[in-house]
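Heads up: the sequence shown runs through residues 777 to 1082, numbered per our numbering.
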Amino acid sequence: MTPFFPQSVSIREVGPRDGFQNEPEVIATEHKIELIDSLARTGIRRLEVTSLVRPDRIPQLADAERVLELMDVPDGVSVSVLVANERGLERALCHRAQIDQITVFLSASETHNARNVNRTVAESLAALQRVIEGARAAGLRCEGVISTAFGCPYEGRVEFTAVAEIALALAAAGAQEIALGDTTGMANPVQVLALLEHARDRLPEIQLTAHFHNTRGQGLANVLAAMGAGVDSFESSFGELGGCPVPAGATGNIATEDLVSMLSEMGIETGIDLPALIACSRHAQEILGRELGSHTLVAGPVDWRQ
Ligand code: ZN
């Protein structure tokens, strides 16, 4: 049977949040603005620009408000910020004009959630329900990210039903989009197909997004499997920036340029100009002073010599 692939795919670039927060050095605000403004002009339609979490927890993003004030993102690009709790939502609402969406997050496994946000899953859900309700009342779109949905480095296997129950609770609170995160790169394509088909059946009205990490080099294979389950929405990070704060060493979102290259070679529309995106990653290399991990950044786009 020929697998079903979508005609177009929507990509959210999360590098300015997921990537910058995992850099060992704090990137200067002006450099963040240069990168965000250029990314916003690659044809990308969804951009996660920062995180409104406690600056003492994530000093790399302590300039979140400055970023929101200084960035110049064209109309038509949906801007989202990561919010951890009600305090984060209050901060987001102070910059309501710059923001289209908030993203809330929790982990599917108790141990990862406890280490990441120091709460039980039930406590996180209760708090996030209030955040989502407040955001929706202010007219913001809401996405709920479920981390460690495909496996937990502390607990091992995560039950599909546990992931689906969390997703249903977030959806019932008002989240219009649910992202399943392979936070530490444990997913394989067979598991991705099964979990996303299960999630698709349980959440027919919700936009389902897959957030894969390339920790073990299986990120794009997992994208292919997710598309086979009917998913047409992905999160990725230019330059393969990013990782996860816990455990240490859980590196690397899938690179947006590798994702765009694969999809465009498959004839799947993303709206993103690949050379412009590669230029952003090249600029990030200059700013960070080191080589970044994406393949397409090294090899360039496929050239068929037409
Ligand atoms: Zn990530």
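Ideal Cβ placement from N, Cα and C applies to all residues, glycine included. Model, not experiment: these values are computed from the prediction.
Comparing alpha-carbon positions, which option in the options lies nearest residue i?
{"i": "residue 907", "options": "864, 933, 848, 891", "result": "864"}
{"i": "residue 883", "options": "843, 834, 935", "result": "935"}
{"i": "residue 1069", "options": "1041, 1034, 927", "result": "1034"}
{"i": "residue 931", "options": "954, 895, 943, 886", "result": "886"}
Answer with yes or no whether the minimum CB distance from residue i to chain C is below 7 Å.
{"i": "residue 859", "result": "Reference to chain C is not applicable here, since this structure consists of a single protein chain."}
Buried or exposed for residue i, going by 16 or more other Cβ atoms inside 10 Å?
{"i": "residue 1066", "result": "exposed"}
{"i": "residue 962", "result": "buried"}
{"i": "residue 914", "result": "exposed"}
{"i": "residue 847", "result": "buried"}
{"i": "residue 949", "result": "buried"}
{"i": "residue 893", "result": "buried"}
{"i": "residue 937", "result": "exposed"}
{"i": "residue 1056", "result": "buried"}
{"i": "residue 1087", "result": "Since the displayed the chain opens at 777 and closes at 1082, residue 1087 lies outside it and no answer follows."}
{"i": "residue 870", "result": "exposed"}
Can you look up residue i in the DSSP assignment and give me helix, strand or coil?
{"i": "residue 967", "result": "helix"}
{"i": "residue 1010", "result": "strand"}
{"i": "residue 998", "result": "helix"}
{"i": "residue 1067", "result": "coil"}
{"i": "residue 985", "result": "strand"}
{"i": "residue 788", "result": "strand"}
{"i": "residue 979", "result": "coil"}
Tell me which residues share the same chain as residue i and place their Cβ nearer than 6 Å to its Cβ, disregarding the 5 neighbours each side in the sequence.
{"i": "residue 867", "result": "828"}
{"i": "residue 849", "result": "816, 855"}
{"i": "residue 785", "result": "1008, 1039, 1044, 1046"}
{"i": "residue 791", "result": "1013, 1014, 1017"}
{"i": "residue 820", "result": "789, 1048"}
Excluding the 5 residues flanking residue i on each side, which residues of the same chain have their C-beta closer than 7 Å to its C-beta?
{"i": "residue 1003", "result": "781, 782"}
Within its chain, find whatever has a CB closer than 8 Å to the CB of residue i; leave out the 5 residues flanking it on each side and keep chain order.
{"i": "residue 1051", "result": "1077"}
Continuous beta strand (DSSP E) assignments of at least 3 residues falling wholly in the region 870-950: 877-883, 917-923
Ignoring anything shorter than 3 residues or poking outside the region 796-866, list the beta strand (DSSP E) runs there in chain order. 822-828, 854-859
I'd like the ranges of any alpha helix (DSSP H) spanning at least 4 consecutive residues and lying wholly in the region 1028-1080. 1032-1041, 1050-1064, 1071-1075
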